[in-house]
Amino acid sequence: MERYGARRLRMTIWETTRNGQLQTTHLGSILFILVMMDACVFCRVSLLNGEEITQLREKGCNTVNRTSQTRNDTIVTTPGQKVHQKCRRDYINANSIKKDMRDKDVSITEPTRDLRSSTPDFEFQKNCLFCGCFAKFSESKRGIDVFPVRTTDFSNTLRNICKERNDEWSEIVLRRLNIAPSDLHAADAIYHQTCSVNFRTGKQIPVSKQANKEVKRTTPGRPKEDSSEKAFLQIVRQLEETQDELASVSDLVQAMEDICGDKAYSVVHMKKRLQTYFGSDIIITEVNGKPNIVTFRRTASSILNEFYRRPSSKSPEEEKLSMIETAAKLIKADIMSLKDSKAVYPSSVDINSEQNITFVPDSLQTLLRTLFSQNDSSVKVASVGQAIIQASRPRTLIAPLQIALSVQMHHHFGSRFLLDTLNTLGFASSYTEVQRFELNAAAAAHDRTNTQFGNGTFVQYIADNVDHNLRTLDGHGTFHGMGMIAAVTPGFRLDKAVPRLSPTLKEVSDLAKINIEYYKMQSKQSLQAEFATMNYEPNMIDTTWKLDLLSKVCWPLTCNQPSWSAIMHKVMDGDYPGRSSVVFLPMIDMNPSDLTCINSTLNFIGKHAKAQHCVPILTFDQPLYWKAMNIIKDEPLNSPLKSVILRLGGFHLEMSFVGGIGHLMEGSGITELLETVYAPNAVTHMTSGKAIARAVRAHFLIDTALTSIILSHIYGIPLPDEIENETGTNDINPANYINTNSTDINADDLSDELHEADAMLDELLKGDISVEKA
Numbered sequence: 001m002e003r004y005g006a007r008r009l010r011m012t013i014w015e016t017t018r019n020g021q022l023q024t025t026h027l028g029s030i031l032f033i034l035v036m037m038d039a040c041v042f043c044r045v046s047l048l049n050g051e052e053i054t055q056l057r058e059k060g061c062n063t064v065n066r067t068s069q070t071r072n073d074t075i076v077t078t079p080g081q082k083v084h085q086k087c088r089r090d091y092i093n094a095n096s097i098k099k100d101m102r103d104k105d106v107s108i109t110e111p112t113r114d115l116r117s118s119t120p121d122f123e124f125q126k127n128c129l130f131c132g133c134f135a136k137f138s139e140s141k142r143g144i145d146v147f148p149v150r151t152t153d154f155s156n157t158l159r160n161i162c163k164e165r166n167d168e169w170s171e172i173v174l175r176r177l178n179i180a181p182s183d184l185h186a187a188d189a190i191y192h193q194t195c196s197v198n199f200r201t202g203k204q205i206p207v208s209k210q211a212n213k214e215v216k217r218t219t220p221g222r223p224k225e226d227s228s229e230k231a232f233l234q235i236v237r238q239l240e241e242t243q244d245e246l247a248s249v250s251d252l253v254q255a256m257e258d259i260c261g262d263k264a265y266s267v268v269h270m271k272k273r274l275q276t277y278f279g280s281d282i283i284i285t286e287v288n289g290k291p292n293i294v295t296f297r298r299t300a301s302s303i304l305n306e307f308y309r310r311p312s313s314k315s316p317e318e319e320k321l322s323m324i325e326t327a328a329k330l331i332k333a334d335i336m337s338l339k340d341s342k343a344v345y346p347s348s349v350d351i352n353s354e355q356n357i358t359f360v361p362d363s364l365q366t367l368l369r370t371l372f373s374q375n376d377s378s379v380k381v382a383s384v385g386q387a388i389i390q391a392s393r394p395r396t397l398i399a400p401l402q403i404a405l406s407v408q409m410h411h412h413f414g415s416r417f418l419l420d421t422l423n424t425l426g427f428a429s430s431y432t433e434v435q436r437f438e439l440n441a442a443a444a445a446h447d448r449t450n451t452q453f454g455n456g457t458f459v460q461y462i463a464d465n466v467d468h469n470l471r472t473l474d475g476h477g478t479f480h481g482m483g484m485i486a487a488v489t490p491g492f493r494l495d496k497a498v499p500r501l502s503p504t505l506k507e508v509s510d511l512a513k514i515n516i517e518y519y520k521m522q523s524k525q526s527l528q529a530e531f532a533t534m535n536y537e538p539n540m541i542d543t544t545w546k547l548d549l550l551s552k553v554c555w556p557l558t559c560n561q562p563s564w565s566a567i568m569h570k571v572m573d574g575d576y577p578g579r580s581s582v583v584f585l586p587m588i589d590m591n592p593s594d595l596t597c598i599n600s601t602l603n604f605i606g607k608h609a610k611a612q613h614c615v616p617i618l619t620f621d622q623p624l625y626w627k628a629m630n631i632i633k634d635e636p637l638n639s640p641l642k643s644v645i646l647r648l649g650g651f652h653l654e655m656s657f658v659g660g661i662g663h664l665m666e667g668s669g670i671t672e673l674l675e676t677v678y679a680p681n682a683v684t685h686m687t688s689g690k691a692i693a694r695a696v697r698a699h700f701l702i703d704t705a706l707t708s709i710i711l712s713h714i715y716g717i718p719l720p721d722e723i724e725n726e727t728g729t730n731d732i733n734p735a736n737y738i739n740t741n742s743t744d745i746n747a748d749d750l751s752d753e754l755h756e757a758d759a760m761l762d763e764l765l766k767g768d769i770s771v772e773k774a
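Sequential numbering from 1 applies to the sequence shown in full-length UniProt numbering.
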């Protein structure tokens, strides 16, 4: 009060003395203000009269100022001003306001106030900023439609919306903004989300928030209006025509709002009307995580009853079409009853030809088998049937053959045009779906990589450079890095479903991220190759070494004897661990020859093997093997890399061995010998170890030829070509040509031994005796 009175006094003195004159009337005004500085602003009585005094705060001042506007008074209060408590209570009392206005004989029309903010009990911390109703905010509970103001621009945004709306509700909200502090966030203002959405979208206050509005109802329940009923019936007709099982109740409410605007039903009322209208013919449930999905439940009995109750048609053509339509409805009902989901992609088992036919309902199978004339049309029935199912339910399931065909075509051709064309024709999934599948499959492959291989398995890691040269115009975009795989023996099969999610490229790349371990050579000494001596234990000695000698001894006796590899394949028997499984590991996008890349590979393999509880055995090709050996040797004794066992790749080891033979035997005539069978250019690659398959076959031929010559000289048995030159045919037992003039060997004993060895080899090949008993 003192501050307000002093300010008013200064303004009055300034106004009266600005012309340099002080009149008597002005002096009276000044004396009146000096007296009123200690008086109540309501009753104009001194505050020292003994009545109870209260000091106004910001909330009280706002209430008094609004009441003053209602009374058409000029009273203005400020925070900190002192007044009589009774005067303030009587001044803002609603009944007192009406009585005083009636006494003044002033015709005033009270504005209709639908919001509680127009009453003095509005608080920003307890009432909604838009509707004024009581709002309770709780951060720990879900489903509460109350949010606090979190930004400082909230007030400016609402002011702009109020200017655009320019209606009664916007005036009320703007009045609250004017009496509110400059920062709604600091005032802890709250609001209903539904009220905010309606206010921003040009709608009116929700019915549930119109607390002070009297709604007269002649009958209980929601008032029925012609426009709402017509809009509802239109929505029902659209729903029956499309029978879209993914249409939610919220979607139907939105479609109804587009037709009749604010007279549309709420979600709860729409759900009740649908259940009343359709009865047991619809199901409102949750599908693929989306709530309140409306699906039709058409049973065979209801369809047949509808068919029999239809009015009979006189035309046979109309009768035929009616029967076909009924059959289509029956098949559509079976398709709708399929329990499938798009949450998971079909597995490899589902794509099996036997499983594909079971995916198609029996009614659809019967129709297609009747249409197709082939006896064995299972594949066509499954393909066409799944195409029909996919077209009938495009947004609720994924047919196995549809996604399988798209993935295969994309793998072979990589053409988006091809996939989109097949998808348009209804034969395959879209290109977008294939890309989504590949991302999800990559994410699922990472989970499969972390799967435990199991006890009793042998794991061998292989790392080598991997190149992916895309066909680009500028040559950029190619990939050249380090690839890794794990060969697990015996193999395992992990049919893990691929979930249908929406991962991003960054999320997938983060799953396969490998820590890069920078490497710097500590020692400058070059590595010296050291070969350790293998000490075989007695139980490790091969007891089948005689089989090799037996096959060589018997070679000159018959011309139809199998080769060495074929003999080993026939006579060897035992437990076979089965086919190995190959698990793809992440790649490193670095130069494979870089020491840092090789060091990162060694560290990753060591950690992965430790997690799998197996020995880290890593195979490199020759250049990478030598660098990896240098890295491991340069590591300290306590380094975990010391446990990594390096192996030179079997292919490179065999190439080195064959190349060594060709180098040592150069000039011995082996080249001319091989050129009798192979072309000269091929022999050059064979002796250097490049053409490894031909080189191995050629060395087997040389070994067999040399063995035959040596044994023919020892036993005096002529070679088949010599017998053919003498008799004109080689269909003669060479044992009959044993040299009987030999003085060192008894010919009879030699003949018996050779025949006995030949008979033993026949029994081995037939499986009559085992290798150990031979």
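Backbone N, C-alpha and C define an ideal beta-carbon position, used for all residues, glycine too.
Residue j beta carbon less than 8 Å from that of residue i
i, j, result
"T596", "Y518", "yes"
"A135", "I190", "yes"
"I632", "L653", "no"
"D621", "G649", "yes"
"V583", "A463", "no"
"A609", "V508", "no"
"V146", "H192", "yes"
"A757", "C554", "yes"
"D547", "M760", "Note on residue identity: the sequence assigns Leu, not Asp, to residue 547. No, Cβ-Cβ distance for L547 and M760 is not below 8 Å."
"I702", "L673", "yes"
"T457", "H468", "no"
"V344", "R579", "no"
"I75", "V41", "yes"
Length of the line joining the Cα atoms of residue i and residue j
i, j, result
"L641", "P616", "9 Å"
"E763", "L664", "39 Å"
"T366", "V360", "10 Å"
"Q234", "S155", "41 Å"
"F307", "T326", "7 Å"
"L405", "S593", "39 Å"
"R436", "A443", "11 Å"
"V349", "T424", "26 Å"
"S341", "T396", "6 Å"
"N72", "N166", "24 Å"
"T63", "D90", "13 Å"
Local Cβ density within 10 Å of residue i, reported as buried at 16 or more and exposed below that
i, result
"F130", "buried"
"S565", "exposed"
"L419", "buried"
"G426", "exposed"
"L321", "exposed"
"A6", "Confidence in A6 is poor, its pLDDT being 47 and thus under 50, which makes the residue's placement too unreliable to answer from."
"R393", "buried"
"Q390", "buried"
"S81", "Note on identity: in this sequence residue 81 is Gln, with Ser being the wrong assignment. It is buried - the Cβ of Q81 has at least 16 other Cβ atoms within 10 Å."
"V45", "exposed"
"N352", "exposed"
"Q386", "buried"
"P586", "buried"
7 Å CB neighbourhood of residue i in its chain, flanking five on each side removed
i, result
"P206", "T194, C195, N198"
"T489", "T457, F458, P577, S580"
"L158", "V173, L177"
Close Cβ partners of residue i (< 6 Å) along its chain, the five nearest in sequence each way excluded
i, result
"T54", "Q85"
"Y431", "R416, L419, D420"
"P503", "L439, A443"
CB contact below 8 Å: residue i versus chain D
i, result
"V407", "Given the protein chain composition of this structure (a single chain), no chain D is represented."
Inset, instruction - Let me know the alpha helix (DSSP H) ranges lying completely inside the segment 621-693, each 4 residues or longer, listed in chain order. - result: 622-634, 650-664, 670-674, 680-688
Legend entry - Uninterrupted alpha helix (DSSP H) stretches inside the segment 300-334 (no shorter than 4 residues): 300-308
Inset, instruction - Would you list, in sequence order, the uninterrupted alpha helix (DSSP H) runs of no fewer than 4 residues that lie entirely inside the segment 353-432? - result: 353-359, 362-371, 378-392, 400-413, 416-425
Inset, instruction - Can you check the segment 435-512 for any alpha helix (DSSP H) of at least 4 residues that lies completely inside it and give the ranges in chain order? - result: 505-511
Inset, instruction - With a floor of 3 residues, list each beta strand (DSSP E) that falls wholly inside the segment 169-203, ordered by position along the chain. - result: 190-192
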